[in-house]
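Beneath this line is the structure, given in C-alpha cells, with notes to follow.
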Amino acid sequence: MKQTLLLCLGITFSLFLKSQESLNISLLNQWSDSTLPATSYYNSPYNEIWGYATDDAEYAIIGSTMGTHFIDVTDPSNISEVAFVEGAATGTSIVHRDFHDYGGYLYAVCDEGQSTLQIMDLSYLPDSVHVVYDDNALIKKAHNVFIDEATGKLYGVGVSPLSGSYIGVRIMSLENPEAPVLLDDMLVGTGVHDIFVRNDTAYINKGGGGLVIYDVSDASDPLLLGSLLDYEGQGYNHAGYLSDDGNTYVLADETHGSPVKMLDVSDLSDIELVSTVTSGVATNSIPHNPLIKGDLMYSSYYYDGVYVWDISDPLNPELVGYYDTSEVPNGNGYQGCWGVYPFLPSGNILASDMQEGLFVLEIDQLTSVESVSSIDIDFNIYPNPAVDMFYLSFNNEHQDNYQINIYAMSGKLIYSQNTSLSTTQISTQDLSKGVYFIELKGKSITTKRLIVK
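Residue 423 in numbering that gives the first Met the number 0 sits at position 424 of the sequence shown, with consecutive numbering throughout.
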C-alpha cells in the first residue's frame, strides 16, 4: 500500500511566535476557573477532557489539579459548572487525570500522588454527582482507564497498586459497576502508556516498545495477535483509536515532529502504515490524543489545538478543520491542547487546554482543504521517481507568489523556497534516496509524494 502524507493547511510559525488560527471550526464558549492552582511542571491547571449525555442534557467533564469538574454545555451559549468532585490527590504536582464512563457512572484515576480509583454516579446531574467508590485497593495510581463496553471490563493502564510493583494492564470486571472485581493483570512490561479495547481485542500503546495487540477474552491467558514494533516516524507510542469498521487504527507518537499514523489493521498479522498527517504548524509540533468518530479523525495537538481529518480514504486523509486553543508559543515542552471529545449527540466538540481550560467548539462545514484548493493550486512533479533533479509545474494565474516546501517522512521540513514561475527545477543533490512530500502553498495548500532514487 502506498504511504501518503497530507500536511495541514495553516501558517507555519517560528518557535517564538503564535497567533490563534482556525479553519471550519468556531468557538461556541469557553470555561476556566482562575482559582485553580497550576502545576509546577507545565503551569497547567487542567488536563483530560471527557463528555457525558443524558436524554436532554450534555456535560463536559474536565480534570484539574484539584479534581473533576462537571460543566453543563447543553446550551453552549450559557455554560456553567454544576458539580465538582475533589480528587484523592490534589495540588500542583497533579498533571494527569483520566476518565471513562459506563452505564451512568464515571471512572476516574490520577497518575500522581497517593490517589485512588473513583467511581461517580451521574444519575443525579445536574443537581449533583455522588461518589460511590473511592478506594486504592485496586488502583492507587494509573495513567489511563479504558472500558470495553461490549464486555463490561475496566482496564487500568500503567497501574501502581497499593502494594507490589508496576502493572502494565490491570483488567477488572464491572458486572457490578459500583464494585469492580480484579480479573487478572497483564504483565507486558514497563512503558505501557494507553490502551484501546473492543470486544476483547486490546491495542496496547507501549511507548518506545511500539504497538502490540492481544486477545484478552481469557484475562489470565492473553493471546498475542499482532504487533508493529518498527515504523516510519516512530517515537513514543502514546495513544491510538480504532475505526468503526475495525480496519484502521490511528496512532499518535508523543514525540516532537513525529506525524500521526494511519495503520491498516485489517490483517493483524501484517499491519501496514498507509499514511501520515501533521498539523503543519512547526517542525516540532507534537500530537497527543487521537480519536475516530465515523469518517473523521480528531486529534489534540500541544500548542497547535484541535485538528480534524476526513479519513474515509485512510490512504489519503484530508484536513477538514482546526482550532488553535493556545496562546503559548510553540516549543519543546508539553503545553496547550490536551484532549478532544467529539462524541456528544449535538455534534459539538469538547476540548481541554492545559492553561486555558474548556473549549466548546462547532464544525462549521466539512470541506476538505484538498477540495477547496484543487482548482487554483494543482501541480505536477516530473520525473517521479527523480534521480538528479525534478520539475514542479503548476497554473499560477490566480496568485503571483507560492512557497515550495519539501518534507521528510518524519514530517521534518528540509527545504523551502518561494517561486513565481509556473515551472521550477529543483536539485535532489542534498536528498537521500527515499520518499519525500512536496507541498505547494499559496492561498491554500496541496501536497504530493516524491520518490528520490
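Each residue gets a CB set at the ideal place from its N, CA and C atoms; glycine is no exception. These figures come from a predicted structure and were not determined experimentally.
- Nearest neighbour of CYS109 by Cα position, chosen from PRO125, ILE194, ILE146 and VAL158, turns out to be VAL158.
- Counting other Cβ atoms within 10 Å of its Cβ, ALA350 reaches 16 or more and is therefore classed as buried.
- Residue pairing by DSSP places GLY304 opposite TYR300 in a beta bridge.
- With a contact defined as Cβ atoms closer than 8 Å, THR247 and VAL264 qualify at about 7 Å.
- By the Cβ test, the stretch 266–275 is not in contact with the stretch 318–338, since fewer than three Cβ pairs between them sit closer than 8 Å.
- Straight across, the Cα-Cα distance linking SER25 with SER325 is about 14 Å.
- Per DSSP, GLN113 lies in no beta strand (DSSP E) and is assigned neither H nor E.
- In the displayed model, PRO221 falls within coil according to three-state DSSP, outside both helix and strand.
- In the DSSP assignment, no residue is bridged to MET353.
- The secondary-structure analysis by DSSP pairs MET185 across a beta bridge with VAL168.
- Contact between TYR230 and LYS260 holds, with the beta-carbon distance rounding to 7 Å and staying under 8 Å.
- Restricting attention to ASN77, PRO313, GLY338 and GLY62, the CA atom closest to the CA of TYR301 is found in GLY338.
- Following the DSSP letters along the chain, one finds TYR322 inside the beta strand (DSSP E) bounded by residues 317–322.
- In the DSSP annotation of this structure, the continuous segment of the beta strand (DSSP E) that includes ALA59 starts and ends at 57–63.
- In this structure, DSSP gives ILE270 a state outside helix and strand, which the three-state scheme calls coil.
- For a cut-off of 8 Å, the C-beta gap from SER299 to CYS336 is around 4 Å, short enough to register as a contact.
- Taken in chain order, the complete beta strand (DSSP E) segments of 3 or more residues contained in the stretch 70–133 are 79–85, 96–101, 104–109 and 116–120.
- Bounds of the beta strand (DSSP E) holding ASP193 are 193–197.
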